[in-house]
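>
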Amino acid sequence: MQNKAQILVVDDDPQVFNLLSLVMQKKGFLCACASTGKEALAKIMGSNSIKLVLLDIVLPDIDGDKLLEKIYSISPSLNVIMITGGSDLEIAKKCLEMGAKDYITKPFDLEYLETSVIADIVPLF
């Protein structure tokens, strides 16, 4: 059974999207992908079914913390989990202070990812 909630994965690495999409689809969530901040904002503005954004901190056209600000200016109640490499932990912590719900590090702990996503989405139903 699929949930109506959609997860938007914002990462310029197609392997990351493929992995996260596979994991989330197995849990019954729909997934969409954006490889740039511009594409992510267009998808967020064009959909009311996106309930969670998995947002990489490093994107080709905008830093993740700047994109987080833009996302919250469009949709203040949207849940966002940051994706970070180990060297971006300070920015990830800043994003938590800005309202992000959590952050996950690469390489992914898939069990933690599932727990974090479900904790953020399930209360929305």
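Counting in my numbering, the sequence shown runs from -11 upward without gaps.
Glycine included, each C-beta is placed from N, C-alpha and C at the ideal position.
None of these values were measured; they are calculated from a predicted model.
Just verifying my parser: in three-state terms, what is the DSSP assignment at Ala30?
Reduced to three states, the DSSP call for Ala30 is helix.
> Would Ile106 and Tyr91 be called neighbours here (beta carbons separated by less than 9 angstroms)?
No, the pair does not count as a contact, with Cβ atoms beyond the cut-off.
> Select from Ile59, Lys14, Ser37 and Gln3 the residue whose C-alpha is nearest the C-alpha of Lys26.
Among Ile59, Lys14, Ser37 and Gln3, the Cα nearest to that of Lys26 is on Ile59.
> Whose CA, out of Ser63, Asp(-1) and Lys94, lies closest to the CA of Asp76?
Asp76 has its Cα closest to that of Lys94, out of Ser63, Asp(-1) and Lys94.
> On the DSSP bridge assignment, give the partners of Ala107 in chain order.
Answer is none; Ala107 lacks a bridge partner.
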